[in-house]
Amino acid sequence: MIASDLSFQVLMYDRVKFAKINPRIKVSYIACDATNLAFKDNSIDMVCTFVGYLNMGKLMEKGIIEAARVLKPTCSLINSVMYMNEDPAGYQELKKIFEENDMAAMAQYILRDRLFEIHQKNFKEVSDQITYEGIGEAFEGDLLPYAGEWFADAIITAEK
Ligand SMILES: C[S@@+](CC[C@H](N)C(=O)[O-])C[C@H]1O[C@@H](n2cnc3c(N)ncnc32)[C@H](O)[C@@H]1O
């Protein structure tokens, strides 16, 4: 099992936490960019991320392409994502904020259809499961989800 993140500090906390959860499982912690993983093509059995790609901003699609490269054939990417509806005013406001901050792609990465297209371009089979849905609450400093609007947390499974 290999855990990766850009940040050594995040990996340090992950390591301490995981050692408490299950000290018997060996995990290698590697600081690297998810758009340029230090692994060979077709070498990994599963890629799994907890909202990691969404936190990479406009680089999400590059991360997904890289996951497809390192995965063995028939193996899967498990990508936890967030969905919003495109029409409401809150989504439109977020879209404007992303565009003004050179992150226009981010507005696409919270739309189910668009996320499916990106995964389908790089994988054979794509499916999803909604794990939570509700109305966003206001948290100072948080852009997502948008207060007062529907959102869902979902897991996309993409098989190579
Ligand atoms: C939701 S946090 C996950 C943190 C931690 N791995 C965990 O599971 O608790 C998202 C992480 O994405 C990392 N990140 C952002 N851009 C990245 C990139 N290009 N490659 C790898 N990690 C990146 C950030 O450093 C941040 O720690």
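FYI, in this note's numbering the residues of the sequence shown are 1380 to 1539.
Backbone N, C-alpha and C define an ideal beta-carbon position, used for all residues, glycine too.
For S1459, which option in M1439, E1472, F1397 and L1522 has the closest C-alpha, if you only look at C-alpha atoms?
-> The residue labelled residue 1459 in the question sits at position 80 within the sequence shown. Of the candidates M1439, E1472, F1397 and L1522, the one whose C-alpha sits nearest the C-alpha of S1459 is M1439.
Check the DSSP bridge columns for S1459 and list the partner residues they point to.
-> On the sequence shown, position 80 is the one that residue 1459 refers to. In the DSSP output, where bridge partners are listed per residue, S1459 has I1534.
Roughly how many angstroms lie between the CA atoms of A1382 and Y1408, to the nearest whole one?
-> Against the sequence shown, residue 1382 aligns to sequence position 3. Against the sequence shown, residue 1408 aligns to sequence position 29. The alpha-carbon atoms of A1382 and Y1408 are separated by roughly 5 angstroms.
Which of the three DSSP states, helix, strand or coil, is assigned to L1385?
-> Position 6 of the sequence shown, counted from the first residue, corresponds to residue 1385. DSSP places L1385 in coil when its eight states are reduced to three.
If we ignore side chains and look at the alpha-carbon of each, how far apart do K1441 and A1398 end up?
-> Taking the first residue of the sequence shown as position 1, residue 1441 is located at position 62. Taking the first residue of the sequence shown as position 1, residue 1398 is located at position 19. Approximately 31 angstroms between the Cα atoms of the pair.
Please classify K1451: does DSSP put it in a helix, a strand, or coil?
-> Mapped onto the sequence shown, residue 1451 falls at position 72. Residue state, collapsed to three classes: strand.
Give me the Cβ distance between L1385 and A1417, rounded to the nearest whole Å; I'm assuming they're in contact under 8 angstroms.
-> If you number the sequence shown from 1, residue 1385 lands on position 6. If you number the sequence shown from 1, residue 1417 lands on position 38. Contact doesn't hold; Cβ gap of about 13 angstroms is too wide.
Should V1395 be counted as a contact of ligand 2 given a C-beta to heavy atom distance under 8 angstroms?
-> With respect to small molecules bound, the structure shown includes ligand 1 and not ligand 2.
Hey, would you say H1498 sits closer than 9 angstroms to L1456, going by beta carbons?
-> On the sequence shown, position 119 is the one that residue 1498 refers to. On the sequence shown, position 77 is the one that residue 1456 refers to. The answer is yes: Cβ separation under 9 angstroms.
Would DSSP call I1514 helix, strand or coil?
-> For the purposes of this step, residue 1514 is taken as residue 135 along the sequence shown, with counting starting at 1. Strand at I1514.
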